[in-house]
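First the structure, in the form of structure tokens, and then the observations on it.
Numbering (the numbering used here), first residue to last: 596 to 780.
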């Protein structure tokens, strides 16, 4: 089972839906999941990443974790993950760590999160995006109109399905993706 932290946010919510659509067993974690709606197959649970003890019950049967970065309790969170025999962590940080100023408070939090994951002993992947939008055309309605062959009034949803998206190569060459080698058992 895969645990998705921040499941009510833009990235987490989209990831939960994509994983379920791909047939994965998913547990969605949020500080306050009341009133959230997910597909029926999703196990929804509450925990606070700044209070690592609240995470322990959510880790039952979890093998992989999508983890939001930037939390001060990251070393303790990772201890909990290691104790639960999590096999892989995907950490979401920011592109600002590449050549960023470690004296900047935000950059420092991302760097601390990455260092904690890298030192955890758990195989990891770090994602360093430079930005997100809910859809490829969010904020760019004129682009959607100019580039879409859809009739006027349609959303950008069909354009989204035609965008070229490639999986990362096995050995990433981008500073926006870092990965460790699998742990030997």
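By construction, the Cβ of each residue, glycine as well, lies at the ideal position given by its N, Cα and C atoms. Keep in mind it's a predicted model, so treat the numbers as computed, not measured.
For residue j and residue i, the rounded distance between their alpha carbons
i           : j           : result
residue 713 : residue 632 : 33 Å
residue 641 : residue 686 : 19 Å
residue 668 : residue 660 : 16 Å
residue 604 : residue 623 : 11 Å
residue 635 : residue 606 : 19 Å
residue 711 : residue 679 : 17 Å
residue 649 : residue 666 : 14 Å
Where residue i falls: helix, strand or coil (DSSP)
i           : result
residue 597 : strand
residue 619 : coil
residue 663 : strand
residue 631 : coil
residue 698 : coil
residue 611 : helix
residue 638 : strand
residue 655 : coil
residue 603 : coil
residue 685 : strand
residue 650 : coil
residue 644 : coil
residue 625 : strand
Cβ neighbours of residue i in the same chain (closer than 8 Å, five flanking residues each side left out)
i           : result
residue 692 : 702, 705, 706, 709, 723
residue 697 : 703, 706
residue 646 : 668
8 Å Cβ cutoff met for residue i and residue j
i           : j           : result
residue 644 : residue 600 : yes
residue 597 : residue 625 : no
residue 602 : residue 608 : yes
Close Cβ partners of residue i (< 6 Å) along its chain, the five nearest in sequence each way excluded
i           : result
residue 662 : 600, 684, 686
residue 638 : 622
residue 628 : 639, 641
residue 658 : 682
Contacts around residue i, its chain only, beta-carbon distance under 7 Å, and the 5 residues preceding and following it disregarded
i           : result
residue 677 : 715, 716, 717
residue 694 : none
residue 690 : 723, 724, 725, 771
residue 653 : 598, 622, 624, 640, 642
For the 8 Å Cβ check, are there 3 or more pairs between the region 668-677 and the region 607-623?
Counting Cβ pairs under 8 Å, fewer than three are found: no touch.
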